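Chemist: My questions all concern the structure below.
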Amino acid sequence: CAPLAALPTGAWAQQKPLVMGFSQVGAESEWRTANSESIKSAAKEAGIELKFSDAQQKQENQIKAIRSFIAQKVDVIAFSPVVESGWEPVLREAKAAKIPVILTDRAVNVKDTSLYVTFIGSDFVEEGRKAGRWLVEKMKNEKGEVNIVELQGTVGSAPAIDRKKGFEEIIKADPKFKIIRSQTGDFTRAKGKEVMEAFLKAEGKKINVLYAHNDDMAIGAIQAIEEAGLKPAKDITIISIDAVKGAFEAMIAGKLNVSVECSPLLGPQLMAAAKDVKAGKPIQKRIVTEEGIFPMEIAAREFPKRKY
Ligand code: GZL
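Okay, structure coming up:
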């Protein structure tokens, strides 16, 4: 074996940087842009070599990216699954290749939870409950029916499924709350506007409330509401989720009533988890991000403090 003097020691023998393959959902919303920024800057900060791929909201692109990371023998794979189902085959391939997988932002629906090491992200059901509780409180003196239209997120995605579930769990306590229309706007402004235009054409002034699963769809819907000659946040109460900059701007302009926070700033937690996994340290199966709720009344005061 080599003489002791030849063995790598001291600062010059740098650890080979950890290599992470990350498959991102896409670039569909302000939230997603902030999330990608957080991941890229946290990787740089952590000295982790990041191979980043944008799936343009298509599951087949994420599966392709994960297969490519396996072929490149990365140290760890992380991704935000665009939808909950259909992941077992590729996750089994990662497991067979002995590459740990970390879920961020959205969860997967798998029987064998050993297929991923940990899931770092928000509790979307609780976000839906927060939206429901805010509406129940706001409408507590309302005697008549409260007709709600709902812009759902991407069909089959964890946030869309769970935000609907949490909201309905709360409003079902009072029969005055009725969801009269519910359709996906795929988390984008453009689709949110298009679907809200259809809701307004079908239901018009019967609509009392819009519940949007993210701020981007709410902002698109606000444009449709104004083009229909109605006042957003006054003629139609608007509740949304994410609390991105655009939501604060809409609340300050008096066009959005409330936004439930869903933090995209998952990068630092992800990089710390990746390092722990590689070091063989024990790690929690579920890491939940703490979040608040921002009604328009406090938006101007809170806006300067916002980090995304
Ligand atoms: C939530 C995230 C959702 C955001 C949307 O964690 O997956 O996807 O709420 C984004 O803005 O498109």
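Those letters in the sequence shown? Residues -13 to -1, 1 to 295, per mature numbering (1 follows the signal peptide of the UniProt record, and there is no 0), in order. Note that beta-carbon positions come from the ideal geometry of N, C-alpha and C, so glycine has one too. For clarity, every value in this text was computed on a predicted model and none was experimentally measured.
(1) Which word fits residue -12, buried or exposed, when buried means at least 16 other C-beta atoms lie within 10 angstroms of its C-beta?
(2) Grab the span of the beta strand (DSSP E) containing residue 44 for me, first residue to last.
(3) Have a look at residue 46 and residue 131 and give me their C-alpha separation to the nearest angstrom.
(4) Using the rule of at least 16 other Cβ atoms within 10 Å of the residue's Cβ for burial, across every protein chain shown, is residue 171 buried or exposed?
(5) Using only alpha-carbon positions, find the residue among 48, 76 and 86 that is nearest to residue 96.
(6) Near residue 156, what residues of its chain come up, given a Cβ to Cβ distance below 8 Å and the 5 sequence neighbours on each side ignored?
(7) Can you pull the DSSP bridge partners for residue 7?
(8) Consult DSSP for residue 100 and reduce its assignment to one of helix, strand or coil.
(9) Use the C-beta contact count for residue 2: other C-beta atoms within 10 angstroms, 16 or more gives buried, fewer gives exposed.
(10) Would you call the region 50 to 60 and the region 274 to 281 in contact, with 3 or more CB pairs under 8 Å?
(11) Excluding the 5 residues flanking residue 182 on each side, which residues of the same chain have their C-beta closer than 7 Å to its C-beta?
(12) Under three-state DSSP, which class holds residue 141?
(13) On a CA-only basis, which of 180, 199 and 213 is nearest residue 192? Give me that one, please.
(14) Assign residue 101 to one of two classes, buried (16 or more other C-beta atoms within 10 Å of its C-beta) or exposed (fewer than that).
(15) With H, G and I counted as helix, E and B as strand and the rest as coil, what does DSSP make of residue 229?
(16) Which residues in the same chain as residue 159 place their Cβ atom closer than 6 Å to its Cβ, once the five residues preceding and following it in sequence are excluded?
(17) Can you tell which of 206, 265, 178 and 232 has the C-alpha that lies nearest to the C-alpha of residue 220?
(18) Is residue 168 near residue 154, with beta carbons less than 7 Å apart?
(19) Based on the DSSP output, what are the partners of residue 165 in its beta bridges?
(20) Return yes when at least one heavy atom of the ligand GZL lies under 6 Å from the C-beta of residue 134, else no.
(21) The alpha helix (DSSP H) that contains residue 76, what's its start and end?
Modeler: With the given structure in hand:
(1) Counting from one through the sequence shown, the residue named residue -12 turns up at place 2. Low confidence applies here, because residue -12 scores a pLDDT of 46, under 50, leaving its location unreliable and the question unanswered by this model.
(2) Reading the sequence shown from its first residue, position 57 is the one you call residue 44. Segment: none, residue 44 is in no beta strand (DSSP E) and carries neither H nor E.
(3) The sequence position of residue 46 within the sequence shown is 59, counting from 1. The sequence position of residue 131 within the sequence shown is 144, counting from 1. Rounded to whole angstroms, residue 46 to residue 131 spans 43 Å at the Cα level.
(4) Here residue 171 refers to the residue found at position 184 when the sequence shown is read from its first residue. Buried, since its Cβ has 16 or more Cβ neighbours within 10 Å.
(5) For the purposes of this step, residue 96 is identified with residue 109 of the sequence shown, where counting begins at 1. Nearest C-alpha to residue 96: 76.
(6) Along the sequence shown, read from residue 1 onward, the residue named residue 156 stands at position 169. Excluding residues within five positions, the ones whose Cβ falls inside 8 Å are 112, 115, 116 and 119.
(7) Residue mapping note: residue 7 aligns to position 20 of the sequence shown, counting from 1. DSSP, once it has assigned bridges, lists 37 and 63 as partnering residue 7.
(8) To locate residue 100, count along the sequence shown from 1; it is residue 113. Helix at residue 100.
(9) Counting from 1 along the sequence shown, the entry for residue 2 is found at position 15. That one is exposed.
(10) no
(11) Walking along the sequence shown from the start, residue 182 turns up at place 195. For residue 182, where only same-chain residues beyond five positions count, the Cβ hits under 7 Å are 138, 170 and 172.
(12) Here residue 141 refers to the residue found at position 154 of the sequence shown. Note: residue 141 maps to coil in three-state DSSP.
(13) Counting from one through the sequence shown, the residue named residue 192 turns up at place 205. Comparing Cα-Cα distances from residue 192 to each of 180, 199 and 213, the minimum goes to 213.
(14) Residue mapping note: residue 101 aligns to position 114 of the sequence shown, counting from 1. Residue 101 is exposed by the Cβ-count criterion.
(15) Within the sequence shown, the letter at position 242 stands for residue 229. The answer is strand: DSSP assigns residue 229 an E or B state.
(16) Against the sequence shown, residue 159 aligns to sequence position 172. Closer than 6 Å at Cβ, skipping near neighbours: no residue.
(17) Within the sequence shown, the letter at position 233 stands for residue 220. It is 206 whose Cα lies nearest to the Cα of residue 220.
(18) Your numbering for residue 168 matches position 181 in the sequence shown. Your numbering for residue 154 matches position 167 in the sequence shown. Against a cut-off of 7 Å, the Cβ pair of residue 154 and residue 168 comes out as no contact.
(19) Position 178 of the sequence shown, counted from the first residue, corresponds to residue 165. Answer is 134, bridged to residue 165.
(20) Your numbering for residue 134 matches position 147 in the sequence shown. Not under cutoff, so the answer is no.
(21) Here residue 76 refers to the residue found at position 89 of the sequence shown. Residues 75 to 83.
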